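Taking the working numbering, the leading residue of the sequence shown gets 101, the next gets one more, and so forth. Beneath this line is the structure, given in structure tokens, with notes to follow.
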Amino acid sequence: MPKKTYFFLILILGSLTALGPFSIDMYLPGFPAIAKDLHTTAAKVSLSLSGFFVGISLGQLLYGPLLDRFGRKKPLFIGLVIYVLASIGCAFTTSIDGLILFRVVQAIGSCAASVASVAMVRDLFPVSENAKVFSLLLLVVGVSPMIAPTLGGYVTAVFGWHAVFLILTGMGVAILIATAIWLPDSYQPDKTLSLKPKPILRNFLAVIREPQFYTYSITGAVAFSGLFAYVSGSPIVFMEVFHTDEKVYGWIFAFLSIGFIGSSQLNTFFLRRFSSEQVVNAALICQVIIGITFLVAALNGLLTLASTLVFLFFFLCCVGYTFPNAAALSLAPFTKNAGSASALMGAFQMGMGTLISIAISMFEVPSIIPMVAAMACSASAALIILLIGRRFITEKVEVSEGADAGIMH
């Protein structure tokens with residue numbers, strides 16, 4: 101593939117992947133302003149974040165079969181149009197219930213982009229390149245937590261939180277146009293695939309029965325939920341516990357994202373020497389150690405703003421190694437059902453994110469402990485799942501960079 105074509109594919113696929121995270125991160129600094137304007141609490145506003153995760157979880161399962169049946173681009177276009185319309189609704193809503201509803205619909209639209217981009221990685225690139233491509237996509241996605249909260253903080257302070265959703269509307273339109281013009285058709289529609297409930301469920305069950313898929317997709321989803329705990333809890337922790345303003349919070353969020361982005365890019369270097377499985381194992385062990393130490397410090401009242409930033413930075417570094425390798429290992433066994441497999445993988449991730457964000461929103465009293473406890477538990481549970489699940493994998497499709505995909509016994 102020519103380097104120019106490769107660059108534009110990564111840029112477009114990364115933009116599709118980043119649409120959901122950008123929609124999450126950009127409005128976080130506006131939590132206090134939204135709560136004041138809609139006459140509610142920050143904890144209730146966080147339910148709009150939970151609603152977004154619910155929408156993505158449902159949408160993943162919806163778009164998986166559609167992407168396999170009609171090809172990648174038609175369902176993608178429909179999802180982006182839904183996203184644009186829902187973003188307009190978010191901008192002009194006058195109640196917290198309306199915001200929650202529009203956020204659910206907005207998420208259903210945005211997840212068409214994320215599911216399609218993951219499936220198209222499997223379509224357009226060889227299996228041996230998948231982990232590297234996912235890492236490159238994370239580089240583009242990484243612009244979101246660096247720019248979105250900082251931009252959102254300034255936009256909220258100057259123009260109000262409504263303007264944030266108008267900017268997201270513009271982003272959706274721009275990505276829709278770029279996708280229509282430059283993104284190639286990467287998959288021939290499978291007209292034999294039925295969209296009736298029973299065949300769809302049978303197709304999902306065939307994916308779930310693959311030991312390599314359920315082991316690494318669930319491991320990755322549980323480990324990745326630590327990031328959702330951070331995203332859900334950080335507005336309360338930084339703006340209500342440590343009393344930072346919207347602008348400072350945006351800069352903190354941007355700084356912490358460097359750990360996540362940097363590690364995801366160093367992942368390509370480690371894949372030249374180690375397998376994806378080895379990287380996942382090492383990253384999860386480190387994530388557990390950091391998470392438990394973080395929790396012990398929180399329970400004993402030892403955390404300051406500076407020490408909290410250090411713990412979060414290194415925890416997110418571990419997530420940056422875990423996600424691309426777990427995703428690549430999950431999808432490696434599939435060609436025909438890549439759309440359904442990517443949908444299920446995304447549904448697991450967002451389902452875990454939904455549960456954690458709802459749990460954190462239940463704590464009305466501002467505290468750092470719910471966020472840290474969720475992060476420590478997610479890391480520990482992911483490691484346990486990996487250790488148990490890999491015992492059932494008899495034939496593994498490896499995805500190490502620089503080697504042809506093969507069956508390893």
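Quick reminder that beta carbons are idealized off the backbone N, C-alpha and C, glycines included. Being a predicted model, the structure only gives us computed values, none of them experimental.
Using a Cβ distance threshold of 8 Å, G155 and V215 do not count as a contacting pair. For the pair of segments examined, the segment 321-330 was found to touch the segment 474-481: the number of CB pairs separated by less than 8 Å reaches three. For a cut-off of 8 Å, the C-beta gap from F107 to C190 is around 33 Å, too long to register as a contact. Counting along the chain, N400 sits inside no alpha helix (DSSP H), nor does DSSP assign it H or E at all. For D197, the closest of L138, Q365, Y421 and F355 by C-alpha to C-alpha distance is L138.
For Y183, the uninterrupted alpha helix (DSSP H) run begins and ends at K173 to F192, by DSSP. Runs of alpha helix (DSSP H) with 4 or more residues, each lying fully within the segment 202-264, are found at 230-241 and 243-259, listed in chain order. Straight across, the Cα-Cα distance linking L384 with G446 is about 19 Å. According to the DSSP assignment, L293 belongs to no alpha helix (DSSP H), since it is labelled neither H nor E. N437 is the residue among N437, L116 and P175 whose C-alpha sits nearest the C-alpha of P299. Per DSSP, A432 lies in no alpha helix (DSSP H) segment and is marked neither H nor E. Remark: fewer than three beta-carbon pairs, one from each stretch, lie closer than 8 Å, so the segment 400-414 and the segment 280-293 are not flagged as touching. Nearest Cα to L431 within the set P424, Y163, T422 and A441: A441. One Cα belongs to S123, the other to R491, and the distance between them is close to 38 Å. If you look at D125, you'll find it in the alpha helix (DSSP H) that goes K103 to D125. The residue among I460, G333 and V472 with its C-alpha nearest the C-alpha of I389 is V472. Using a Cβ-Cβ distance cut-off of 8 Å, the segment 134-148 and the segment 267-285 are not in contact, since fewer than three pairs of beta carbons, one from each stretch, lie closer than that value. By the criterion of a C-beta distance shorter than 8 Å, P297 is surrounded by no residue of its chain, once the five residues flanking it on both sides are discounted. Listed in chain order, the non-local C-beta contacts of P226 below 6 Å within the same chain number zero, local neighbours out to five positions each way being set aside. The DSSP-derived three-state label of L283 is coil. An exposed status is given to E464, since fewer than 16 other beta-carbon atoms sit within 10 Å of its beta-carbon. For S148, the enclosing alpha helix (DSSP H) stretches over residues A142 to F170.
With distances taken between CA atoms, F360 lies nearest to V243 out of V243, A443 and E310. If the five residues before and after S115 are omitted, its C-beta is found closer than 6 Å to the C-beta atoms of I275, all from its own chain and listed in chain order. Taking every protein chain shown into account, the CB of V255 has 16 or more other CB atoms within 10 angstroms, so this residue is buried. Distances from the alpha-carbon of F304 to those of Y127, Q160 and Q387 put Q160 closest. About 4 Å separates the Cβ atoms of A428 and A231, confirming a contact at the 8 Å cut-off.
The straight-line gap separating the alpha-carbon atoms of S376 and L224 is approximately 20 Å. Per DSSP, T494 lies in no alpha helix (DSSP H) segment and is marked neither H nor E. About 5 Å separates the beta carbon of S235 from that of T368, a gap short enough to meet the 8 Å contact definition. Taking C-alpha positions only, W261 is separated from G130 by approximately 6 Å. If you compare the alpha carbons of V181, V331 and G350 with that of I247, the shortest gap goes to G350. D137: member of the alpha helix (DSSP H) spanning F131 to D137, first to last residue.
In the three-state reduction of the DSSP assignment, T422 falls in the helix class, which pools H, G and I.
Secondary structure at M462: coil, using DSSP grouped into helix, strand and coil. About 16 Å separates the beta carbons of I182 and G164, which is beyond the 8 Å limit, so they are not a contact pair.
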